[in-house]
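Residue numbers (the working numbering): 123 to 427.
Glycine residues also receive a C-beta, built at the ideal position from the N, C-alpha and C atoms.
Note that the coordinates shown come from a computational prediction; the quantities given were computed from them, not determined experimentally.
Before any comments, here is the structure.
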């Protein structure tokens with residue numbers, strides 16, 4: 123709705139993990155370096171953990187996009203699978219021809235033969251699992267057993283786990299101690315600092331094609347940082363709403379009032395001292411008016427075109 127208002131070629135603060143908007147934050151940069159180093163070293167299990175909204179999926183997709191051709195990848199975006207479903211998914215991703223007879227043993231053997239073939243070609247197979255905290259216990263154990271496939275000199279398979287802190291809690295149990303001991307590299311994503319929030323907002327606006335004067339003052343950025351706790355997803359939500367409010371008022375500068383309204387209308391964010399119920403009522407009315415006004419503008423334009 124506000125794209126033309128600000129002269130943007132695309133919306134800058136969507137929740138879709140679009141790698142073209144990737145900002146080289148310190149935490150993401152360090153995590154990416156850990157991933158690349160661990161894969162180059164030929165380690166079996168690698169783990170990246172981060173709170174909800176810290177950019178794990180974006181980092182996961184960046185890794186998939188930028189791995190050299192010597193890596194053959196199998197991506198598992200939805201790990202809530204049975205062991206059989208997981209093996210079948212890995213087989214499809216690695217282009218393994220299914221055995222004529224339906225058998226878990228034969229499928230595992232076919233996967234192993236494919237991994238040997240990949241290794242002979244001088245390449246490495248990598249399984250990348252997003253939202254790994256959701257893996258059922260049996261599937262997590264099946265994944266560990268698949269990682270046992272190796273030659274006398276090297277691993278045939280490398281596994282990267284992206285997950286929320288609950289993944290660490292699960293791996294800390296006695297049940298998964300064997301898998302825990304195989305994780306040789308791990309990294310924990312951190313929330314953004316105040317300077318990083320400023321750079322993050324500026325970067326996304328630039329990628330989206332913004333060329334106007336400064337939209338977000340230092341005060342506004344500070345408020346956004348405090349309200350969001352530096353979580354990228356929450357920053358995106360708040361920035362989208364404040365730009366929507368600016369558009370509704372026909373202005374080109376984000377103010378503290380806009381931030382308070384956006385915060386009051388958003389779950390899991392807060393500003394110290396804000397009377398939530400009052401601002402929430404104002405925010406809801408404001409957003410409804412913006413939507414109605416925009417609809418009216420579009421209707422009149424169509425009717426009188």
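Asked, Found
"Own chain residues within Cβ distance below 7 Å of residue 399, not counting five before or after", "Low confidence applies here, because residue 399 scores a pLDDT of 42, under 50, leaving its location unreliable; read the following figure in that light. Counting only Cβ-Cβ distances below 7 Å, and skipping sequence neighbours, we find nothing."
"contact_flag[the segment 161–172, the segment 275–285] where n(CB pairs < 8 Å) is 3 or more", "yes"
"Reduced DSSP category for residue 197 - H, G, I as helix; E, B as strand; rest coil", "strand"
"Proximity to residue 225 [Cα-Cα], best of 205, 314 and 244", "205"
"Cut-off 6 Å between Cβ atoms - residues of its own chain near residue 194, not counting five sequence neighbours on either side", "240, 245 and 247"
"Secondary structure of residue 336, DSSP reduced to three states", "coil"
"Cβ-Cβ distance between residue 369 and residue 124 below 7 Å", "yes"
"Residue 365 to residue 376 span [Cα, whole Å]", "7 Å"
"One or two residues paired with residue 246 in a DSSP bridge", "193"
"Cβ neighbour criterion (16 or more within 10 Å) applied to residue 358", "buried"
"Rounded C-alpha distance that separates residue 317 from residue 350", "14 Å"
"Residue 322 vs residue 182 beta-carbon contact at 7 Å", "no"
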